[in-house]
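Chemist:
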Amino acid sequence: MSFNLKNKKILVCGSTRGIGFDIAKKFYEEKAHVLFTGRTSKKISEIDKKFKNSYTFKCDFSNESDIQDLKTYIKGNLGYLDSIVCNIGFGKTQTGFEESLNDWYKIIEINLMYAVSTIKTLSSLLKSKNNPTIIFISSICGLEGTQAPISYSSAKAALNLFSKNLSTIYIKKNIRVNTVSPGNVLFKGSTWDQKLKENKKKVLKMIEENVPIKRFANPREISNVVAFLVSDLSSFIVGQNIVVDGGQTNTL
47 MSFNLKNKKI LVCGSTRGIG FDIAKKFYEE KAHVLFTGRT SKKISEIDKK
97 FKNSYTFKCD FSNESDIQDL KTYIKGNLGY LDSIVCNIGF GKTQTGFEES
147 LNDWYKIIEI NLMYAVSTIK TLSSLLKSKN NPTIIFISSI CGLEGTQAPI
197 SYSSAKAALN LFSKNLSTIY IKKNIRVNTV SPGNVLFKGS TWDQKLKENK
247 KKVLKMIEEN VPIKRFANPR EISNVVAFLV SDLSSFIVGQ NIVVDGGQTN
297 TL
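Here it is as structure tokens:
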């Protein structure tokens, strides 16, 4: 099935590894003009070699100067954007309530405020007549109580509400805003990859007991949903949080 994304100009934040990489790769396969971003020159160089005719930019989304430089690059090389996929986040911290206040500030800043600053700076590049979209990548941790760190879950819940509220404002500019909340996604170098190496039996037992489909998601199962939301096939979907979790969550 084609999503008709040929020649669409799409920025994917955090797209040199993991879910973000596969999302950008999916757009590349759909013949969109994809802008990959990452924090290291090495990763950017690898993308340049592997994905000919794509665009790359080294950007740390914690640095507002980097985001401004990215905006300048987009104006000079793409001119405008049709979509921004805001895949910015980090959840490796302590469980329970053992984190320091500084840990809390850091996790909230990474998982909420970096997204806010990115959209605030770059959304003016979205071309309204092309049915533009903004997609936030969140997590099922922001939907209900889980075993995930409280700070991370709280930040993702805040991101979900930010996206919902932003959608009512930006639809007036013809910009559709939606969120995708993945469940347990397995890829090389992921948290789950590490946990499987540490205690495979325990992890597989958790999946068996908590995920009705009884397996991990692979990144492409997330990418397909993102591609649908970016495409005109989802033209009446606004302000929604699409959960891709194999049936794990109980929230309606």
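Each number in the working numbering corresponds to the 1-based position in the sequence shown with 46 added. Where is the CB? At the ideal position from N, CA and C, for every residue including glycine.
Could you check which residue in Asn50, Ala70, Lys52 has the C-alpha nearest to that of Cys59?
Modeler: Mapped onto the sequence shown, residue 59 falls at position 13. When only C-alpha atoms are compared, the closest one is Ala70.
Chemist: Would DSSP call Gly285 helix, strand or coil?
Modeler: Position 239 of the sequence shown, counted from the start, is the residue given in the question as residue 285. Looking at Gly285 - three-state DSSP - the assignment turns out to be coil, as it is neither helix nor strand.
Chemist: Taking Ala263 as the reference, which of Ile283, Ser227, Thr297 has the closest Cα?
Modeler: Mapped onto the sequence shown, residue 263 falls at position 217. Nearest C-alpha to Ala263: Ser227.
Chemist: Measuring only the C-alpha atoms, how far is Asp239 from Glu145?
Modeler: Numbered from its first residue, the sequence shown carries residue 239 at position 193. Numbered from its first residue, the sequence shown carries residue 145 at position 99. Taking the straight line from one Cα to the other gives about 24 Å.
Chemist: Suppose you measure from the CA of Gly64 to the CA of Val290; what does that come to, to the nearest Å?
Modeler: Translated into positions along the sequence shown, residue 64 becomes position 18. Translated into positions along the sequence shown, residue 290 becomes position 244. Going by the C-alpha atoms only, they are around 16 Å apart.
Chemist: Can you list, in chain order, the residues of its chain with a C-beta nearer than 6 Å to that of Gly285? Leave out the 5 residues immediately preceding and following it.
Modeler: For this step, residue 285 is matched to residue 239 along the sequence shown. For Gly285, where only same-chain residues beyond five positions count, the Cβ hits under 6 Å are Lys210, Ser213.
Chemist: Helix, strand or coil for Pro265 per DSSP?
Modeler: Translated into the one-based positions of the sequence shown, residue 265 becomes position 219. Reduced to three states, the DSSP call for Pro265 is helix.
Chemist: Note down the Cα distance separating Ser169 from Ser87, rounded to an integer number of angstroms.
Modeler: Within the sequence shown, residue 169 is the residue found at index 123, counting from 1. Within the sequence shown, residue 87 is the residue found at index 41, counting from 1. Cα to Cα, the separation comes out at about 25 Å.
Chemist: First and last residue of the alpha helix (DSSP H) that includes Asn148?
Modeler: On the sequence shown, position 102 is the one that residue 148 refers to. From DSSP, the alpha helix (DSSP H) with Asn148 extends over 147 to 154.
Chemist: Ignore the nearest five residues each way along the sequence and tell me which others in Tyr74's own chain have a CB closer than 7 Å to its CB.
Modeler: Stepping through the sequence shown from its first residue, residue 74 is reached at position 28. So the list reads Val80, Phe97, Ser100, once near-sequence residues are dropped.
Chemist: Out of Phe182, Gly137, Glu254, Thr237, point me to the one whose CA is closest to Ser200's CA.
Modeler: Residue numbering aside, residue 200 sits at position 154 when the sequence shown is read from its first letter. Ranking the options by Cα distance to Ser200, first place goes to Gly137.
Chemist: Here's the rule I'm using: 16 or more other beta-carbon atoms within 10 Å means buried, otherwise exposed. How should Ser61 be labelled?
Modeler: Locating residue 61 in the sequence shown gives position 15, where the first residue counts as 1. Ser61 is buried by the Cβ-count criterion.
Chemist: Report the partner residues of Gly84 according to the DSSP bridge assignment.
Modeler: Position 38 of the sequence shown, counting from 1, holds the residue named residue 84. DSSP lists Lys104 as partners of Gly84.
Chemist: How far does the beta strand (DSSP E) with Phe35 in it extend, from its first residue to its last?
Modeler: Residue numbering for the chain in the displayed model covers 47 to 298; residue 35 lies beyond these limits and cannot be assessed.
Chemist: Should Ile268 be labelled buried (16 or more other beta-carbon atoms within 10 Å of its own) or exposed?
Modeler: As a first step, residue 268 is located in the sequence shown; it is residue number 222 there, counting from the start. Its Cβ being crowded by 16 or more others within 10 Å, Ile268 is buried.
Chemist: Would you tell me roughly how many angstroms separate the C-alpha atoms of Asn256 and Gly142, rounded to the nearest one?
Modeler: As a first step, residue 256 must be located in the sequence shown, where it is residue number 210. As a first step, residue 142 must be located in the sequence shown, where it is residue number 96. Going by the C-alpha atoms only, they are around 20 Å apart.
Chemist: Under the three-state reduction of DSSP, which class applies to Lys55: helix, strand or coil?
Modeler: The sequence position of residue 55 within the sequence shown is 9, counting from 1. Lys55: strand per DSSP, three-state reduction.
Chemist: Identify which residue in Gly66, Ile183, Glu110, Val231 has its Cα closest to the Cα of Lys89.
Modeler: By 1-based counting over the sequence shown, the position of residue 89 is 43. When each option's Cα is compared against that of Lys89, the closest is Gly66.
Chemist: Output the boundary residues of the beta strand (DSSP E) element that contains Thr225.
Modeler: Counted from its first residue, the sequence shown places residue 225 at position 179. Run containing Thr225: 222 to 228, per the beta strand (DSSP E) assignment.
Chemist: Using the beta-carbon count (16 or more within 10 Å), is Ile186 buried or exposed?
Modeler: Residue 186 sits at position 140 when you count from the first residue of the sequence shown. Per the 10 Å Cβ criterion, buried.
Chemist: I need the straight-line Cα distance from Glu190 to Gly122, nearest angstrom please.
Modeler: Working through the sequence shown from its first residue, we reach residue 190 at position 144. Working through the sequence shown from its first residue, we reach residue 122 at position 76. Looking at the two C-alpha atoms, the distance is approximately 43 Å.
Chemist: Hey, Thr225 and Ser184: beta-carbon distance below 8 Å or not?
Modeler: Within the sequence shown, numbered from 1, the residue matching residue 225 stands at position 179. Within the sequence shown, numbered from 1, the residue matching residue 184 stands at position 138. In this structure, Ser184 lies closer than 8 Å to Thr225 by Cβ.
Chemist: Under 8 Å between the Cβ atoms of Leu205 and Leu158?
Modeler: Residue numbering aside, residue 205 sits at position 159 when the sequence shown is read from its first letter. Residue numbering aside, residue 158 sits at position 112 when the sequence shown is read from its first letter. Cβ distance < 8 Å, so Leu205 and Leu158 count as in contact.
Chemist: Using a Cβ cut-off of 8 Å (strictly closer), state whether Phe143 contacts chain D.
Modeler: Considering every chain present, this structure includes no chain D. It has just one protein chain.
Chemist: By the 10 Å Cβ neighbour count, where 16 or more other Cβ atoms means buried, how is Arg222 classified, buried or exposed?
Modeler: For the purposes of this step, residue 222 is identified with residue 176 of the sequence shown, where counting begins at 1. Result: buried.
Chemist: Please list, in chain order, all residues of the same chain as Ile154 whose beta carbon is under 8 Å from its beta carbon, the five residues on each side excluded.
Modeler: Indexing the sequence shown from 1 puts residue 154 at position 108. Cβ within range, chain order: Ser197, Ser200, Ala201, Ala204.
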